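Novice: Got a structure for you, written out below as structure tokens; questions coming shortly.
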């Protein structure tokens, strides 16, 4: 073993060699998961954790973080991230502030003018499994939304097969924690216990993100119907697509094997077997099921994740790991 | 008080003036609801109630019922109903034994050869609101399945508008009581609590019933994806259809008003407002919501019912009321 | 039939002969149940219904109600009820404002000085089954709290048997609707799903009400531990008492039969059989189970109710019925 | 890299250096947790895992395990454990087969005559935190029941303070997984959703185990009321005890600090603060809350655990770790 090798080993155990991380928005549901995961991460040291309310850039910067995780509201992230970048702090943002490449979508879908639209081009959209080398060089990662994560993991590998003259239909269901930690009668236990409902059809912020992630042009209809599921955690997306050429279950199995054969946190089920939500709740995994219909002209695809983990915090850790050169599942397994 | 008046009072209490009803399968979930509803029905007298196991035709017939409600397994109903009809007892069957007009569907979808296929043509498919006078003359009513009830109430009024070259996509979710009263680990509390899953895609017995109810020919694709919802009661069907000509929300509102303006147990919501499951749980109501998309080329339609009531027992009572000339909501309001 | 009899019959059907009722606090959970129950009550006409926020005495009085139901906060009821009484409107108050006979308990347990302490002596504590003729003459009924209703129905019949040198221990569990309709993270779905916890030990407003209802003196310890149950409705009280003389299960059965043999809305189970919550949820019934232990020196008693019905709205209707001379279960069965 | 270094690396990876473990009953809820925990344990190698049905002693022994975990039914464990011990395999038994020291309790509480009563004296009752050196020498560990674990952790430290002339009252609530993986309508989702009920009063197998663990003699009454909680996991025990001499909250805090100051998996809350179930669900922790009442003459004590972890599998791992000399939390943190 050479000196360099020894040094390498020593460094790996040296506390000072850990990456210094700060978390803003640490008391929300995703933020709390970030704290939990990073506190047991072998190569991360939490130097600061702040609630969205108590948080100030000055206090955060004083802790000299290498990387800041922002689990803050969209407008806060849009405002704070550029300042941190200017001060040399890398940013992994869990809000929607940097997910959309098209600046004009911010006023129409998010309700505010983007303060630094030029950063939208630089931000890396961190759907980890579908990123290549870009995360290792990124200064700013836009961590994907929970619904888009579940949808894009399932549909992106099929991009060149989907018939874009037919609508892409997404019937998605989310556990209530997806709405965040809210004092709101509409999200109270009594209102939602034993209940179920569709909401926000045609208005959900995740719709343009899905459309962008699938590179859908004007001529392709996207029908995205989110529903509120009476459980605390998990997203279950049932998707309906048509193909340009008939495909077999074997074809789909092969496409997914190509896409995720080496992905440690995506499980693809055998054709015809549909995932259940509990398989992924409280885990960093995504699970995908599929079944062709009508002689392969169409398929039903189902994708499940834990909205607070693969749909937020654990995917942020995956991105952090890739950004820093750590094993992708460090802190997650 | 005169003798006539006394007679009048006596008549009102006279048991012989009530319709005599017997219930087979009275200990299952739907059967128990039947017992509960019929026991407070002003014009029905329960003369016999039997579990599916203890039940014999002889015992039932001895009670001299006018009408028998069968909440028995498919094959039991297929066997028993013809015998009861032959003995002059009218039958309202809550199983699938007489729902499909096409005899060959029984071996392929239900797994048994129908013992009396000629009765399939006679049986009245009892989706109450879409029946006309036929219920008043019926000897045998096939009470619709729970999923088909929710779907057909929503889509049948749109029959002449739906573009049949496009798939009809139904993403349906049912509370667990839909599976019946079962000793099965798969339906145990621990397995299903906080869980959600699609099941039976392309294999569910209700698929041909929906296809029949919508008069879908070979060229129209029907994608029916049932899911198990972690609650005890209720069905929530989210449906995706395309139209031959663009329609407006106002058009749909008018179509539904025409269909259900006089239906006491169907509520249609204003355009763009989606129902929630709890609005109908423990009630005999169906509730329908709709929203056009893409300039009226498509719409999302949502329909909710209580699977054990409008999807089973209370619809059976509606059919009973129509059959006997009682007010449609007698025993239900 | 005499004219008087005819008049009587006519009056019974005369809309103008109905009792005019107004409801303040109609949008809370108990208030909404009041509206639902009174709207189908044969002898009540709702002349006004107001949310706690929009409600004014003037508006209410203008509707000329005979009886006002107050489902308003404690201090609002304490302020409003006396004014209504002064204007000749009878009051059934569902808050705690008139439940305690001892004025000094208001500052210590409720946090406010009672504005009309002299009314506390006049108010009839409306635990319906344990009232005698006093409801028919009452101007002001204090409808009992949900926990006290469940506890007192079970323990009041045992008053002369309980050993008061031993503690009375009450381990009570309530569905979340017991906390009211609240925008509060602590009562959000995500926080409470799959959760369970004790709260407010030694501080719950219902503790002095239980102590008063059992006539417990200083020397008797009362341990009241409320818990929050992860369901929407229902109270389950498990109670532990010691007896002065050993009793048998038969003794207890007889005591309860004496107390409730003629009570249409209280069901006493056979000895050793414990109720389940669902038997009473969405019903106006209370159900009581009991089992002696240690040779009859002690017993476990369980009592269940729906907190919004027997624990609030349906008991208020029982009291209204007794107040007005209607059958006790009118509007409830 | 030198040979020595290679040896060192090799040793770290050398499977033979790990403790070889086999699991019988690996498909039940506790067994599955055992497999999950042991599969990531640094010093354990799973050499065999069997369902209760497929399991044979011969097959298990062929895998040459050092330690066998039995998550099998009581009578199976009673039969199998002695044979494994005779073959030199250490046993950690998660059933009740070796928990009670008194052989005569088996026929009366468990319904079978114990086949090897002499082993009852040898078996170490593995309530980890309350064991001293005995686990390191044990051949046979009786892993405690879930209810007793929650109760004894809370009450054992108070043993010398509890007034044994007064009853010890335990109102315990368990998530449904406590009943095991069962095909039984009584444990089906539909029956238990939104439900709650007491069961097995005076008959529960855990009652003599609690009595034994607290060294309660004949003169002390134990009232143990288990309830079924409508959630999947977790036990919440609310306990009521009287003291010989009044104690203060500070006294209790000190007693618990003495008992658990060094216990890594028991958290004691500040006086007056009660735990919530979710704090421990899916974790190996126990959490204890307490509050004195009536001037210190009595207290309410609450103890919560995950029934499948601290109440079964993770406590078995703690015992395994102590047995083998590994750090107590290895595989659990």
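Residue numbers (our numbering), protein chains in the order written: chain A, 78 to 410; chain B, 78 to 410; chain C, 78 to 410; chain D, 78 to 410.
All residues carry an ideal CB built from backbone N, CA and C; glycine is no exception.
Small disclaimer: the values here were computed from a predicted structure and weren't measured.
1. If residue 369/C and residue 326/C are in contact, beta carbons under 8 Å, what's the gap, nearest whole angstrom?
2. Residue 299/B lies in the beta strand (DSSP E); which residues open and close that run?
3. Counting only Cβ-Cβ distances shorter than 8 Å, please list the residues of the region 99-130 of chain D near chain B, keeping chain order.
4. Which residues in chain A have a C-beta closer than 7 Å to the C-beta of residue 260/C? List them in chain order.
5. Tell me where the alpha helix (DSSP H) around residue 213/D begins and ends.
6. With a floor of 3 residues, list each beta strand (DSSP E) that falls wholly inside the region 312-358 of chain A, ordered by position along the chain.
7. Assign residue 399/D to one of three DSSP states: helix, strand, or coil.
8. Taking a cut of 9 Å between CB atoms, which residues from the region 271-298 of chain C lie near chain D?
9. Can you find a C-beta in chain A that's less than 8 Å from the C-beta of residue 355/B?
10. Report the residue from 105/B, 117/B and 110/B whose alpha carbon sits nearest the alpha carbon of residue 95/B.
11. Among 357/C, 272/C and 398/C, which has the Cα closest to the Cα of residue 24/D?
12. Would residue 316/C be called buried (16 or more neighbouring beta carbons within 10 Å of its own) or exposed?
13. Helix, strand or coil for residue 119/D per DSSP?
14. Between residue 246/D and chain C, is the shortest Cβ-Cβ distance under 8 Å, so that the two count as touching?
15. Just checking: is the beta-carbon of residue 371/A within a distance shorter than 8 Å of some beta-carbon in chain B?
16. Please go through the same chain and pick out, in chain order, the residues whose beta-carbon is closer than 7 Å to the beta-carbon of residue 142/A, but skip the five residues on each side of it.
17. What are the boundary residues of the beta strand (DSSP E) that includes residue 96/D?
18. Could you spell out the range, first to last residue, of the alpha helix (DSSP H) harbouring residue 249/A?
19. In the DSSP assignment, the alpha helix (DSSP H) including residue 153/B goes from what residue to what residue?
20. Name, going along the chain, the residues of the region 379-397 of chain A whose beta-carbon falls closer than 7 Å to a beta-carbon of chain C.
21. Between residue 267/C and chain A, is any beta-carbon pair separated by less than 8 Å?
22. Put residue 296/B into one of helix, strand or coil per three-state DSSP.
23. One question on the structure: do residue 396/D and residue 151/D come within less than 8 Å of each other, judged by their Cβ atoms?
24. Please classify residue 246/A as buried or exposed, where buried requires at least 16 other C-beta atoms within 10 Å of its C-beta.
25. My output table needs one value for residue 193/D: the three-state DSSP class, helix, strand or coil.
26. Evaluate contact between the region 301-308 of chain C and the region 272-282 of chain C, counting only Cβ atoms and requiring at least three cross-stretch pairs below 8 Å.
27. Return the CA-CA distance between residue 261/C and residue 255/C, expressed in angstroms with no decimal places.
28. How about residue 333/B and residue 206/B: do their beta carbons lie closer than 8 Å?
29. For the putative contact between residue 102/A and residue 149/A, defined by C-beta atoms under 8 Å, what is the C-beta separation to the nearest angstrom?
30. Compare the C-beta of residue 308/C against all C-beta atoms of chain A and say whether one is closer than 8 Å.
31. Below 7 Å CB to CB, which residues in the same chain sit around residue 225/A once its five sequence neighbours on both sides are set aside?
32. Please classify residue 79/D as buried or exposed, where buried requires at least 16 neighbouring CB atoms within 10 angstroms.
33. On the three-state DSSP scale, how would you describe residue 233/A?
34. Using a Cβ-Cβ cut-off of less than 9 Å, list which residues of the region 226-252 of chain A approach chain C; keep chain order.
35. Since I believe residue 364/D is in contact with residue 346/D (beta carbons under 8 Å), could you give me their beta-carbon distance rounded to a whole number of angstroms?
36. Apart from the five residues just before and just after residue 194/D, which ones in its own chain have a Cβ nearer than 7 Å to its Cβ?
Specialist: Working from what's here:
1. Contact annotation, residue 369/C with residue 326/C: C-beta distance approximately 5 Å; criterion of less than 8 Å satisfied.
2. Looking at the DSSP string, the run of the beta strand (DSSP E) that includes residue 299/B is 299-305.
3. For the region 99-130 of chain D, which is checked against every Cβ of chain B, the residues closer than 8 Å are 106.
4. Per Cβ cutoff of 7 Å: 260, 261 and 262.
5. DSSP places residue 213/D inside the alpha helix (DSSP H), whose first and last residues are 211-214.
6. Taking only runs of at least 3 residues, the beta strand (DSSP E) segments lying wholly in the region 312-358 of chain A are 312-319 and 343-345.
7. Shown here, residue 399/D sits in a helix according to DSSP, grouped into three states.
8. Of all residues in the region 271-298 of chain C, the ones placed with a Cβ closer than 9 Å to any Cβ belonging to chain D are 271, 272, 273, 274, 275, 276, 278, 279 and 298, in chain order.
9. Yes, contact with chain A.
10. Nearest of 105/B, 117/B and 110/B to residue 95/B, Cα basis: 117/B.
11. Because residue 24/D is not part of the residues shown, which for chain D are 78 to 410, the question remains open.
12. With at least 16 other beta carbons inside 10 angstroms of its own, residue 316/C counts as buried.
13. Coil, per DSSP.
14. So yes, residue 246/D belongs to the interface.
15. It does; some Cβ of chain B falls within 8 Å.
16. Excluding sequence neighbours, residue 142/A sits near 97, 98, 99, 124, 125 and 166.
17. Counting along the chain, the beta strand (DSSP E) containing residue 96/D begins and ends at 96-101.
18. Here residue 249/A belongs to no alpha helix (DSSP H); instead the beta strand (DSSP E) covers 245-252.
19. Annotation: the continuous alpha helix (DSSP H) that includes residue 153/B extends over 151-163.
20. Taking 7 Å as the Cβ-Cβ cut-off against chain C, none of the residues of the region 379-397 of chain A qualify.
21. So, interface residue.
22. Here residue 296/B sits in coil by DSSP.
23. The Cβ atoms of residue 396/D and residue 151/D do not sit closer than 8 Å to each other.
24. Counting Cβ neighbours within 10 Å, residue 246/A comes out buried, since at least 16 surround it.
25. Residue state, collapsed to three classes: coil.
26. Yes: the two stretches touch, three or more of their Cβ pairs being nearer than 8 Å.
27. Their Cα atoms are separated by approximately 14 Å.
28. Taking C-beta atoms as the reference points, residue 333/B and residue 206/B fail to come closer than 8 Å.
29. Taking C-beta atoms under 8 Å as the contact rule, residue 102/A and residue 149/A qualify, at a distance of about 4 Å.
30. Residue 308/C counts as touching chain A.
31. Here the set comprises 283, 286, 287 and 290.
32. Confidence at residue 79/D is low in this model, with a pLDDT of 32, below 50, so its placement is unreliable and no value can be given for it.
33. Residue 233/A carries a helical assignment under DSSP once its states are collapsed to helix, strand and coil.
34. From the region 226-252 of chain A, only 252 have a Cβ closer than 9 Å to chain C.
35. Residue 364/D and residue 346/D do touch by the CB rule: their CB atoms are close to 7 Å apart, below 8 Å.
36. Cβ contact annotation for residue 194/D (same chain, cutoff 7 Å, sequence separation greater than five): 180, in chain order.
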